[in-house]
Each structure stands twice: as structure tokens, then as C-alpha cells.
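Novice: Residues in the sequence shown are numbered consecutively from 12, following the working numbering. Virtual Cβ for every residue (Gly too), placed ideally from N, Cα, C. Model, not experiment: these values are computed from the prediction. The structure follows.
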Amino acid sequence: MSRPPRVTDLQIDEAARAVFLAQGPSAPLQDIAKRLGISQPALLHRVGTKEALMSRALRPVPPTALALLEPGPRDNAPIEDQLLEALLHHRDFLRQLVPWLFVLHYSALGGARALHLETPPPVALREGLTKWLTRAKRAGRVDLAEPRVAAEALCGALEARCFNAHVGGATYAPGDDKAVLRQLIRVLLTPGEAPARKPQKRTAR
């Protein structure tokens, strides 16, 4: 008798995520087990319950754009371009996250229970963006009264577009994301002077 295939936790999570996203929270465990090439009892032995598997597979992770914001504004690029880069990166993150949130919200777990995190992704991004804008303001790179308010406006607009696009496609979120975000940045932020580069020291001949 051949031994059942050994699957990793990562493979289980990926298979569960694909099935739940395709079929919703009512998807049978048998379909996940079949995708993995193992029996349903073997899958249950690994994950405990369907709810535990769903919570694990679709649990939100910290926004990846935080890695771009954490070092602060760079001196070698315009503030507008740096901010747009981070926001578009976060848009791609949200496009993946929003479908997960819908499945969890309509599951037996309920959104509030399933999404109980110390710092939810939307809050984490707002905090990271507020710190980044504050540093840009202190460096004289932007003329901005309230960095937190600007961060809320930018994050809120981006989240709304991603939710609308998931629900109704391009009809519900018309226009190009990059163009819309760039215009919003220009409305909210007045660029300051870029930091002067230090003159290079002449080497003695």
C-alpha cells in the first residue's frame, strides 16, 4: 500500500485559499483534500476544523508597502513619485486582500472574529504612511498641515477603489488607478524643495 503524499502547511493553505476564493465559505473540505491529493480525514487531522483552516489560509498579513515607507522619503526622487510607488504597491496588496475579506465576512466565523488582529492592515498602512509624510514635512519636502489626515484620505480613496472594483469591476471604479492617485496626491500635497546635494570634495592631484 502506497503512503499518502506528504503535503506542507504552505501547500494546504494555498489549496484552501484557492478553493475558498473560487467557491466561497461553503466550499466542502473534500474539494480541498482532492486538490492536495489526500483524503478528507487526513486533511482534518492536519488542520482540526474547516473554520480553523479558513482562518489560517485567509488571515490578513501586514501590508507589504510598509517596507517601502519605513526608511522614509528618499533624497534621489520626487516625493510625488515615491508616494505613488508605495500606493500602487498597496493597491496590488489590496487586490489580493479584499477577496479574502469577503469570504471571511460571509463565513461562519464572521468578519470581526476572523479579522481580530492587534493592528489590522488598514490601520498599519495609515500609521506607516502618516510617519512617512511627517518625515517628509519635517524635511521640508512637502507643505502639509496634517499628515494623518492626508494619509487617511489617500488610504481611504485607494481602499474604496479596490472594494468597488472587486464588486463591480472597472464600471464601479472608472479611470486609471495611477492617474487618479497622482491627481489626488497633487491636490493634497504641495511639494517643497528637494534637499540640496552636498558638493563633492575635490581630490588633490
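(1) What first and last residue would you give for the alpha helix (DSSP H) that runs through Leu141?
(2) Going by DSSP, which residues form a beta bridge with Thr201?
(3) When burial is assigned at 16 or more other CB atoms within 10 Å of the CB, is Pro39 buried or exposed?
(4) Suppose the cutoff is 7 Å on Cβ atoms and the five residues either side in sequence are ignored; what does the same chain contact list for Ala162 look like?
(5) Quick one: is Ser13 buried, meaning 16 or more other Cβ sit within 10 Å of its Cβ, or exposed?
(6) What is the rounded straight-line gap between the Cα of Pro202 and the Cα of Ala29?
(7) Excluding the 5 residues preceding and the 5 following Thr75 in the sequence, name in chain order all residues of the same chain whose CB lies nearer than 6 Å to its CB.
(8) In the DSSP assignment, find the unbroken alpha helix (DSSP H) run with Ile43 in it and report its ends.
(9) I'd like the list of long-range same chain contacts for His101, defined as Cβ closer than 7 Å, with 5 residues on each side in sequence excluded.
(10) DSSP three-state call for Ser66: helix, strand or coil?
(11) Can you tell me which of the three DSSP states Asn87 falls into?
Specialist: Inspection of the coordinates gives the following:
(1) Looking at the sequence provided, one finds Thr at residue 141 rather than Leu. Thr141: member of the alpha helix (DSSP H) spanning 132-149, first to last residue.
(2) Thr201 is bridged by DSSP to Asp154.
(3) Per the 10 Å Cβ criterion, exposed.
(4) If we look at Ala162 and ignore the five residues flanking it on each side, its Cβ neighbours are Arg137, Leu140, Thr141, Leu144.
(5) Model confidence at Ser13 stands at a pLDDT of 47, short of 50, so the residue's coordinates are unreliable; what they give is reported in the following sentence. Result: exposed.
(6) Cα to Cα, Pro202 sits roughly 43 Å from Ala29.
(7) Cβ-Cβ distances below 6 Å link Thr75 to Phe104 in the same chain, with the five nearest sequence neighbours on each side left out; the list follows chain order.
(8) For Ile43, the enclosing alpha helix (DSSP H) has its first and last residue at 40-47.
(9) Correct list, in chain order: Pro74, Ala76, Leu136, Leu169.
(10) In the structure shown, Ser66 adopts helical secondary structure according to DSSP, grouped into three states.
(11) In the three-state scheme derived from DSSP, where H, G and I count as helix and E and B as strand, Asn87 is classed as coil.
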